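Numbers 3 to 128, taken from this note's numbering, label the letters of the sequence shown in order.
For each residue, glycine too, the CB sits at the ideal point set by N, CA and C.
Here the structure is a predicted model, which is why all the values come from computation and not from measurement.
Notes for the one structure printed next.
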Amino acid sequence: MCASHVLSTDQLEIVSLLNRLHRLQLDNSALQSELIVRQLDARRRDLLLDWQRRHDGVARSLISRQRRLISDSGVYGPPELQRLYDVYDKEASEIADYRRRSFLPAISNNKVCSHGKLFVYLFCSV
Numbered sequence: 003m004c005a006s007h008v009l010s011t012d013q014l015e016i017v018s019l020l021n022r023l024h025r026l027q028l029d030n031s032a033l034q035s036e037l038i039v040r041q042l043d044a045r046r047r048d049l050l051l052d053w054q055r056r057h058d059g060v061a062r063s064l065i066s067r068q069r070r071l072i073s074d075s076g077v078y079g080p081p082e083l084q085r086l087y088d089v090y091d092k093e094a095s096e097i098a099d100y101r102r103r104s105f106l107p108a109i110s111n112n113k114v115c116s117h118g119k120l121f122v123y124l125f126c127s128v
């Protein structure tokens, strides 16, 4: 064997350490990409919840105006309409109760913090 092809123990250790470093960098990249995907999913949920809250607000406004218009005008409301109002009121009350009792932090309060080279996903309640 040629002397230029023989690696010393130190050189083998350096190659081994470089190999380990590259594996750790790949693992870190994989963790970071997974974190980005989770952040994207959380952001999508936030946007969907925001849209749902706005939609609920519009629906509440329309229903209350509709009720007021019907009662102020003295127009006869069919019983099935009253049943729908009752179902709506019950569901709105249940949702409000659930939100008051919920122990989970809002999704929009989640924070991503960096700690050294690793990224940590925290659920922070405000």
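CB-CB under 7 Å to residue i, same chain, minus the five flanking residues each way: which ones, in chain order?
i	result
Ser66	none
Ser116	Residue placement at Ser116 is flagged as unreliable, the pLDDT there being 45, under the threshold of 50; the coordinate-derived value follows with that caveat. Nothing listed; no residue qualifies.
Beta carbon of residue i: closer than 7 Å to some heavy atom of the ligand ZN?
i	result
Asp12	In the structure shown, the ligand ZN is absent, as is every other ligand, since no ligand is present at all.
Can you find at least 3 beta carbon pairs, one from the region 54-72 and one from the region 87-100, that sit closer than 8 Å? Contact holds: three or more Cβ-Cβ distances are below 8 Å.
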